[in-house]
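Here the structure comes first, spelled out in structure tokens, and everything after it is commentary.
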Amino acid sequence: MRRRRLGSELRELREETGASLEHGAETLECGRSRISRIEVLPIDSFLPDKYPTHMARRPGPGV
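Here the sequence shown stands for residues 31 to 93, numbered as in this note's numbering.
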């Protein structure tokens with residue numbers, strides 16, 4: 031559930047700022063389709079190639 035929430039929150043933030051997929055892709059130096067996948071796929075599907083999965087998780091409240 032957290033993985034989908036991350037993608038959903040990233041999309042909401044991008045849309046709130048008025049940034050397009052193209053702008054996000056340019057900023058992150060990757061393809062538009064990659065941004066789209068990040069926003070809709072579980073985090074474990076795209077982060078392990080750059081970062082260990084444990085680095086992508088933030089501790090919960092009170093930690």
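Think of the CB as a built atom: it goes at the ideal place given N, C-alpha and C, for glycine as much as any other residue.
DSSP three-state call for residue i: helix, strand or coil?
{"i": "GLY48", "result": "coil"}
{"i": "GLY61", "result": "coil"}
Report the CB separation of residue i from residue j in whole angstroms; it is logged as a contact under 8 Å.
{"i": "ALA55", "j": "ARG64", "result": "7 Å"}
{"i": "LEU40", "j": "GLU69", "result": "6 Å"}
{"i": "SER66", "j": "LEU51", "result": "6 Å"}
On the CB-based measure, 16 or more other CB atoms within 10 Å of its CB, does residue i come out buried or exposed?
{"i": "GLY61", "result": "exposed"}
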